[in-house]
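Worksheet: one structure, shown below.
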Amino acid sequence: MATSGLKTLQTIDAQTLKQLLEQDIVTLIDVREPGEYAGEHIPGARLVSLSQFDPHKVPQDEDTTVVLYCRSGNRSKMAAQKLFDAGFNAVTHLDSGLGAWKAAGYATKINRNAPISLMRQVQIVAGSLVFTGTVLGAFVSPWFLILSGFVGAGLMFAGITDTCMLAMLLAKLPYNQRSSV
1 MATSGLKTLQ TIDAQTLKQL LEQDIVTLID VREPGEYAGE HIPGARLVSL
51 SQFDPHKVPQ DEDTTVVLYC RSGNRSKMAA QKLFDAGFNA VTHLDSGLGA
101 WKAAGYATKI NRNAPISLMR QVQIVAGSLV FTGTVLGAFV SPWFLILSGF
151 VGAGLMFAGI TDTCMLAMLL AKLPYNQRSS V
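Below you can see the structure in the form of structure tokens.
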């Protein structure tokens, strides 16, 4: 549990969240992007994506606990900070996000017609840029190798900080904004 002054960020594990959902005393908010939500989400979750996060769309009901989640837990912490800034005093998030939920063996709602996952899109774009930079560097000018180095540095930054700028850019594309579930 992390605290920020009087603000409290509570962390729960997948097993605890499952129990709360079964007791119907939790409002589950998915802060991933619409395309990610459309592809797979925890049953019963509402989408309030981080890129368009409005704290007023999150219910403040004293009878239920609001739990935020994303893919790994990083974006839910960012959304929690936005809730704190809007006056919430206690916010709960799922530790390690959807990954922990799936690792615990709990069911997710999957839509096979959804766009490919954001992570796969990042891998395709990053791999294409590295390949292109390498080929152009070998056959046109060694200066194109800078492109491969730049992508490598970006991937290293994403791994260290758990914040991928390329994923954030791809998430803003129109086909990733549709949330047809």
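Under the UniProt record's numbering, the first residue of the sequence shown carries the number 1, and numbering increases by one thereafter. Virtual Cβ for every residue (Gly too), placed ideally from N, Cα, C.
Can residue i be considered in contact with the ligand HEM, in the sense that its beta carbon sits closer than 7 Å to one or more heavy atoms?
| i | result |
| --- | --- |
| proline 59 | With respect to the ligand HEM, the structure offers nothing, as it holds no ligand at all. |
If you draw a straight line from the alpha carbon of residue i to that of residue j, how long is it in whole angstroms?
| i | j | result |
| --- | --- | --- |
| leucine 173 | aspartate 61 | 34 Å |
| arginine 71 | leucine 98 | 5 Å |
| phenylalanine 88 | alanine 80 | 9 Å |
| valine 130 | alanine 38 | 29 Å |
| leucine 94 | serine 51 | 19 Å |
| leucine 17 | aspartate 63 | 16 Å |
| aspartate 162 | valine 66 | 24 Å |
| lysine 7 | alanine 90 | 6 Å |
| phenylalanine 53 | valine 140 | 45 Å |
| arginine 120 | aspartate 85 | 33 Å |
| alanine 114 | phenylalanine 150 | 30 Å |
| alanine 138 | leucine 170 | 28 Å |
| glutamine 23 | isoleucine 146 | 54 Å |
| methionine 168 | isoleucine 160 | 16 Å |
| isoleucine 116 | arginine 46 | 20 Å |
| lysine 102 | arginine 112 | 17 Å |
Report the option in the options whose CA atom is closest to the CA atom of residue i.
| i | options | result |
| --- | --- | --- |
| threonine 11 | Leu21, Gly73, Lys82, Pro115 | Gly73 |
| glycine 133 | Gly152, Arg120, Leu50, Pro115 | Gly152 |
| tyrosine 106 | Thr8, Ala14, Trp143, Leu9 | Ala14 |
| cysteine 164 | Ala126, Thr16, Lys18, Ile146 | Ala126 |
| asparagine 176 | Leu155, Leu166, Ser128, Leu118 | Leu118 |
| valine 48 | Asp63, Ala138, Thr27 | Thr27 |
| serine 148 | Phe139, Val140, Ser128 | Ser128 |
| threonine 92 | Ala104, Leu170, Leu20 | Leu20 |
Looking only at its own chain, which residues have a Cβ that is under 8 Å from the Cβ of residue i, when we skip the five neighbours before and after it?
| i | result |
| --- | --- |
| lysine 109 | Glu40, His41, Ile42, Pro43, Val181 |
| threonine 3 | Confidence at threonine 3 is low in this model, with a pLDDT of 46, below 50, so its placement is unreliable and the value that follows should be read with caution. Around threonine 3: Leu9. |
| leucine 166 | Val122, Val125, Ala126, Gly154, Ala158 |
Quick one: what's got a C-beta closer than 7 Å to residue i's C-beta in the same chain, skipping five residues either side?
| i | result |
| --- | --- |
| aspartate 136 | The sequence shown places leucine at residue 136, rather than the aspartate named in the question. Phe144, listed in sequence order. |
| alanine 104 | Ala14, Gln15 |
Decide if residue i is buried, meaning its Cβ has at least 16 other Cβ atoms within 10 Å, or exposed.
| i | result |
| --- | --- |
| histidine 56 | exposed |
| proline 59 | exposed |
| leucine 68 | buried |
For residue i, which residues of its own chain have a beta-carbon under 6 Å away from its beta-carbon, when the five flanking residues on both sides are left out?
| i | result |
| --- | --- |
| glutamate 36 | Leu118 |
Touching by the beta-carbon criterion (3+ pairs, under 8 Å), the segment 74-91 and the segment 26-37 = The segment 74-91 vs the segment 26-37: in contact.
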